[in-house]
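Undergrad: One structure, as structure tokens, below. Some questions next.
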Amino acid sequence: MTSLVRFAPSPTGLLHVGNARTAMLNALFAKKDGGKFLLRIDDTDRERSKPEYEAAILTDMAWLGITHDLFARQSERSAHYDAAAARLMASGHLYPAYETPEELDRKRKRQIAMKRPPVYDRSSLKLSADDRARLEAEGRKPHWRFRLSHTRVRWHDLLRGEVEIDTANLSDPVLIREDGSYLYTLPSVVDDVALAVTHIIRGEDHVTNTAAQIEIFAALGAAIPAFAHFPLLIGAGGEALSKRLGSLSLASLRDDGVEPLALASYLAKTGTADPVDLKPSLEVLAAEFAFEKIGRAPARFDPAELSTLNAKLLHGLSYDTAAPRLAALGIPGGAAFWEAVKPNLTRFADAVDLWRLVDGPVTPVIEDAGLTQTAAALLPEEPWGEETWPAWTKAVSAAAGVKGRALYHPLRLALTGLEHGPELKKLLPLIGHAKSLSRLNGETA
Ligand code: GLU
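To convert a position in the sequence shown, counted from 1, into this note's numbering, add 626.
Here you go:
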């Protein structure tokens, strides 16, 4: 049977690296398994779901290189949820509950004060038809809870091994709000059944949900998919990632110059037994994917490790790949420029500043006027190549009687205005005779 995984973000904010990791692990598993990928927009929360967040999700997924084979939007599927809810009501699995949020809160506080777990006491389940009619006459509208079996639910988690949860320790989950809208729990199961999802791969914050959802699958007479719950990605300081953490959104990483394949490699490898390293494609990442490699401790998001992968990617980028991107940045520099500057890039857009070193204007810094004058006088005629720099600096060294840093540092400062930068033997021919001469003479050029 062909496997089907799903990534099911709620369009209530921008995707962050943690969400992206969920998407990535699903995508890699599907690729390796020859399966398909469903992108499901979990937009049952009408107030918080926004079309612009859905659009951002699609942009982010395309940027990451994850394509979907199937697409679904929960807001368009309510007929399926209504049908399932009707079945669960008819079978007695779904019951109306009338407590207000304040009443529930009071109950919870009382239970906590008595050192009891704050589990819903099922008071509403004990109501007679008359009680319910009276409450409804008072203007109360019910919300609907799923009646858990209070047995031990077991599953073989592809990551955690045997898991057992006694649903007697859980509150009967609310599936339908007072206003008739659905919470996440039921639509998710209904869609997983209807679209024939075979593997649910998600963060371990969903382990408890899984126990309740397995009971819902069973109550609907559906086959139970396989589950894999991985430890969450946490912030560098150990904090949970949230959609409100703008800095770790894919959009802001993209703006910061993170390359999608660097991020994909990072997300695929962090928290696993494999070293965090750059890989050439999602196909290679998929071939190396295995649940067994994923560790049980939360993975910490390390921006420095991501930067390292990003730099490695840029340093290995061929001119053919770079050329259209250079053009898009308005950089006319060709292959020689690219080869000269790429080892210095941490972000692709750094090429803009590096192009300015070539094209100017550069305001030279004259550290040793005597030396730069000597150097100006000894500048050879063009044509220049990579051999120009060593030959010229050798002549300058002999004439001025300096070498090492005392020779190179003033020349770099004069030619580029900077302390550090690309290799001068590659840069000098690009700067050319006229601009080199001006800069050595202290003129902006
Ligand atoms: N919309 C849910 C979430 O973002 C999906 C969870 C799931 O994968 O079932 O948490």
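Just so it is clear, CB atoms sit at the ideal spot from N, CA and C, and this is done for glycine as well.
1) Is the CB-CB distance between L751 and Y721 below 8 Å?
2) Shorter than 7 Å, the distance from the beta carbon of P744 to the closest heavy atom of the ligand GLU, or not?
3) With C-beta atoms as the reference, is L911 less than 8 Å away from L654?
4) Taking the beta carbon of E1045 as the centre, do at least 16 other beta carbons fall within 10 Å, making it buried, or is it exposed?
5) Would you give the residue range spanned by the alpha helix (DSSP H) that F655 belongs to?
6) Would you report the Cα separation of E788 and L943, rounded to the nearest angstrom?
7) Below 6 Å CB to CB, which residues in the same chain sit around L980 once its five sequence neighbours on both sides are set aside?
8) Within the present structure, is the beta-carbon of D669 separated from the nearest heavy atom of the ligand NAP by less than 7 Å?
9) Let me confirm a value: K767 is counted as buried when at least 16 other C-beta atoms fall within 10 Å, else exposed. Which label applies?
10) Quick check: the Cα distance between I827 and K741, rounded to an integer number of angstroms?
11) Have a look at L1033 and E830 and give me their C-alpha separation to the nearest angstrom.
12) Taking 7 Å as the line, does the beta carbon of Y679 fall inside it for any heavy atom of the ligand GLU?
13) Using a Cβ-Cβ cutoff of less than 6 Å, which residues in the same chain neighbour D791 once the five nearest sequence positions on both sides are dropped?
14) So what does DSSP say about Y810, is it helix, strand or coil?
15) Using only the alpha-carbon positions, how far apart do A925 and S868 sit?
16) Is it true that the region 712-721 meets the region 677-691, where meeting means three or more beta-carbon pairs spaced less than 8 Å apart?
17) Return yes when at least one heavy atom of the ligand GLU lies under 7 Å from the C-beta of A710, else no.
18) On a CA-only basis, which of L1054, A894, G1030 and H941 is nearest F927? Give me that one, please.
19) Taking H941 as part of the beta strand (DSSP E), name the residues at either end of that continuous run.
20) Give me the Cα-Cα distance between T898 and S775, rounded to the nearest whole angstrom.
21) Assuming H1035 is part of the alpha helix (DSSP H), what are its boundary residues?
22) For a quick check, are the C-beta atoms of F697 and L665 less than 8 Å apart?
23) Over what stretch of residues does the beta strand (DSSP E) that includes V789 continue unbroken?
24) Considering just the uninterrupted stretch of the beta strand (DSSP E) at P722, what are its terminal residues?
25) What does DSSP give as the partner residue(s) for D783 in the beta ladder?
26) List the whole-angstrom C-beta distance separating T824 from A852, where the pair is believed to meet the contact cut-off of C-beta under 8 Å.
27) From K905 to R647, what does the alpha carbon distance come to, in whole angstroms?
28) Whose C-beta lies closer than 8 Å to the C-beta of G1047 among residues of the same chain, with five residues either side of it excluded?
29) Can you tell me where the beta strand (DSSP E) holding V631 begins and where it ends?
30) For L1004, collect the residues of the same chain with a Cβ closer than 7 Å to its Cβ; drop the 5 residues on either side in sequence, then sort them by chain order.
31) Where does M627 land, buried or exposed, given buried means 16+ other C-beta within 10 angstroms?
32) Provide the residue span of the alpha helix (DSSP H) that contains H1059, from first to last.
33) Classify K919: buried if its beta carbon has 16 or more other beta carbons within 10 angstroms, exposed otherwise.
34) Note down, in chain order, each residue of its chain lying with its Cβ closer than 6 Å to the Cβ of W1015, except the 5 sequence neighbours on either side.
35) Using the three-state DSSP reduction, which class does V800 fall into: helix, strand or coil?
TA: Well, looking at it:
1) yes
2) no
3) yes
4) exposed
5) V643 to D659
6) 45 Å
7) V967
8) By its list of ligands, the structure shown excludes the ligand NAP, since it contains just the ligand GLU.
9) exposed
10) 34 Å
11) 59 Å
12) no
13) Sequence inspection shows Ile at residue 791; the Asp mentioned does not correspond to that position. For I791, where only same-chain residues beyond five positions count, the Cβ hits under 6 Å are V779 and A837.
14) coil
15) 15 Å
16) no
17) no
18) A894
19) Looking at the DSSP string, H941 is not in any beta strand (DSSP E); the run it does join, the alpha helix (DSSP H), is P929 to H941.
20) 36 Å
21) R1031 to T1042
22) yes
23) G787 to D792
24) L720 to A723
25) G787 and F853
26) 6 Å
27) 16 Å
28) N970, L980, L983, R1038 and L1053
29) L630 to F633
30) W1018, A1021, V1022 and A1025
31) exposed
32) L1050 to L1066
33) exposed
34) L1050, K1051 and L1054
35) strand
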